[in-house]
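Read through the structure below, which is laid out as structure tokens, and then see the notes.
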Amino acid sequence: MRVPSLFLLFFISFHAYSLAKEAIVLPLNDWASQRLLSKIVGDKIEQLGYPVEYLVISSINQMGALRKGLVHIQVEIWQTYDDGTFAQAVKAGYIEDLGLHSALGREDWWYPEYVEQLCPGLPAWQALKKCAEIFSGDSQSSKGVYYTGPWNYRDAALIRALGMNFTIERLGNAEQLWQKLRQAEKAKQAIVLLNWSPNWIDVRIKGHFIEFPEFEKACEQDASWGVNKEMYFDCGNPKVTYIKKAAWPGLKKRWPCVYQLLKKVNFTTEMIAEASALNGADKKTEQQAITAWLTKFSDQSQDWLSFTCPKNLLDNSP
Numbered sequence: 001m002r003v004p005s006l007f008l009l010f011f012i013s014f015h016a017y018s019l020a021k022e023a024i025v026l027p028l029n030d031w032a033s034q035r036l037l038s039k040i041v042g043d044k045i046e047q048l049g050y051p052v053e054y055l056v057i058s059s060i061n062q063m064g065a066l067r068k069g070l071v072h073i074q075v076e077i078w079q080t081y082d083d084g085t086f087a088q089a090v091k092a093g094y095i096e097d098l099g100l101h102s103a104l105g106r107e108d109w110w111y112p113e114y115v116e117q118l119c120p121g122l123p124a125w126q127a128l129k130k131c132a133e134i135f136s137g138d139s140q141s142s143k144g145v146y147y148t149g150p151w152n153y154r155d156a157a158l159i160r161a162l163g164m165n166f167t168i169e170r171l172g173n174a175e176q177l178w179q180k181l182r183q184a185e186k187a188k189q190a191i192v193l194l195n196w197s198p199n200w201i202d203v204r205i206k207g208h209f210i211e212f213p214e215f216e217k218a219c220e221q222d223a224s225w226g227v228n229k230e231m232y233f234d235c236g237n238p239k240v241t242y243i244k245k246a247a248w249p250g251l252k253k254r255w256p257c258v259y260q261l262l263k264k265v266n267f268t269t270e271m272i273a274e275a276s277a278l279n280g281a282d283k284k285t286e287q288q289a290i291t292a293w294l295t296k297f298s299d300q301s302q303d304w305l306s307f308t309c310p311k312n313l314l315d316n317s318p
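Our numbering applies: residue 1 is where the sequence shown begins, and numbers increase by one.
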């Protein structure tokens, strides 16, 4: 019985070691600020003694991954609607909401400031409607082109409800959007595209969101509300988007120290915008961007950058 006993002891010891070394997984989405800030937070988690891994995943698919524990932490999640996918997942207990950042966001149609010379009356949506043809890009169509990404917005419904003479061109990721913007800016060509703030554009290119009719819940629920009395969605997106942190529901029990760290992490609008600029528009390497960001914001981030694990927060094996 000596050999089986030794084998059993080895197996138990190895299993315990594997659990102790289980990596904390952070998702990497397809926009620059989220990726850089995830790496900065991941570096801090490693400094606390925990192995960290990263998983490239879309913002849509990460919800299921957070629920299943395939990823454990999301440092930048955008909640535009109170009844959206994230809010529903939190309400059902599938994901834990770890609180707000100081930064507030906005997501909607956007144009660079020079376009106002080509389309007087902007940022009013009525002016955009009248000027649709100048947004046709290189095509000979009388329809304007609105550029967006692979994310779920209700732009087609908005175009129909407001009678906008626009088509939608859906690009594969954020970088393709920014390439379109840079090309148009260089040629001083009219362009309207999806943008979100905070973002690198906040600190590198002047521009404005289109001012559509103000969002109200009735816009989605009552066709008689608003400009078009027969259709829903005749309004813009909410002007305030909450930017939050989220976690796999088992994080607090499995890694209580990391859970407390995440509760302390807080980003301002400028922090997120600068992360996006450094990691995207400025073409720095990832390590250069991390160093530049920490140099600029380390004083404002001391509450969590200086965090150490209290002795009473010992990690619990599942």
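Don't be surprised by glycine CBs; every beta carbon is placed ideally from N, CA and C.
Q.
Check for me: the alpha helix (DSSP H) holding I243 runs from which residue to which?
A. For the purposes of this step, residue 243 is taken as the residue at position 243 of the sequence shown. Looking at the DSSP string, I243 is not in any alpha helix (DSSP H); the run it does join, the beta strand (DSSP E), is T241 to A247.
Quiz item: Going by Cα to Cα distance, which pick from V115, D234 and E220 is closest to A184?
Solution: Counted from its first residue, the sequence shown places residue 184 at position 184. When only C-alpha atoms are compared, the closest one is V115.
Q.
Is it buried or exposed, R35, if we count other Cβ atoms within 10 angstroms and call 16 or more buried?
A. By 1-based counting over the sequence shown, the position of residue 35 is 35. Burial call: buried.
*Own chain partners of A320 with C-beta closer than 8 Å, once the 5 adjacent residues on each side are dropped*: No answer is possible for residue 320: it lies beyond the span of the chain, which begins at 1 and ends at 318.
At a cut-off of 7 Å, would you count A23 as near the ligand GTP, judging by its Cβ distance to the nearest heavy atom? With respect to the ligand GTP, the structure offers nothing, as it holds no ligand at all.
- Evaluate R170 with the Cβ neighbour count: other Cβ atoms within 10 Å of its Cβ, from every protein chain shown; 16 or more gives buried, anything less gives exposed. Taking the sequence shown and counting its residues from 1, the one referred to as residue 170 is at position 170. Label assigned to R170: exposed.
Excluding five sequence neighbours on each side, which residues of the same chain lie with their C-beta closer than 6 Å to the C-beta of Y259? Numbered from its first residue, the sequence shown carries residue 259 at position 259. So the list reads L251 and K252, once near-sequence residues are dropped.
**Q.** Which of helix, strand or coil DSSP assigns to D97
**A.** Numbered from 1 along the sequence shown, position 97 holds the residue referred to as residue 97. Reduced to three states, the DSSP call for D97 is strand.
Problem set entry | Meets three-Cβ-pair contact criterion under 8 Å: the stretch 176 to 195 and the stretch 260 to 269 | no
Run of the alpha helix (DSSP H) containing L26, from where it starts to where it stops = Translated into the one-based positions of the sequence shown, residue 26 becomes position 26. First-last for L26: I24 to L28, but that is the beta strand (DSSP E), not the alpha helix (DSSP H).
- Message: Helix, strand or coil for R160? Go by DSSP, reduced to three states.
- Response: Stepping through the sequence shown from its first residue, residue 160 is reached at position 160. Three-state DSSP puts R160 in a helix.
Practice task
Could you tell me whether the stretch 193 to 200 touches the stretch 97 to 115, where touching means 3 or more Cβ pairs closer than 8 Å?
Solution key: yes
- Message: Just verifying my parser: in three-state terms, what is the DSSP assignment at A184?
- Response: For the purposes of this step, residue 184 is taken as the residue at position 184 of the sequence shown. Three-state DSSP puts A184 in a helix.
Do E76 and L28 have their CB atoms nearer than 8 Å?
Reading the sequence shown from its first residue, position 76 is the one you call residue 76. Reading the sequence shown from its first residue, position 28 is the one you call residue 28. No. Outside cutoff.
**Request:** May I ask you to report which of helix, strand or coil DSSP gives Q79?
**Result:** The sequence position of residue 79 within the sequence shown is 79, counting from 1. Here Q79 sits in strand by DSSP.
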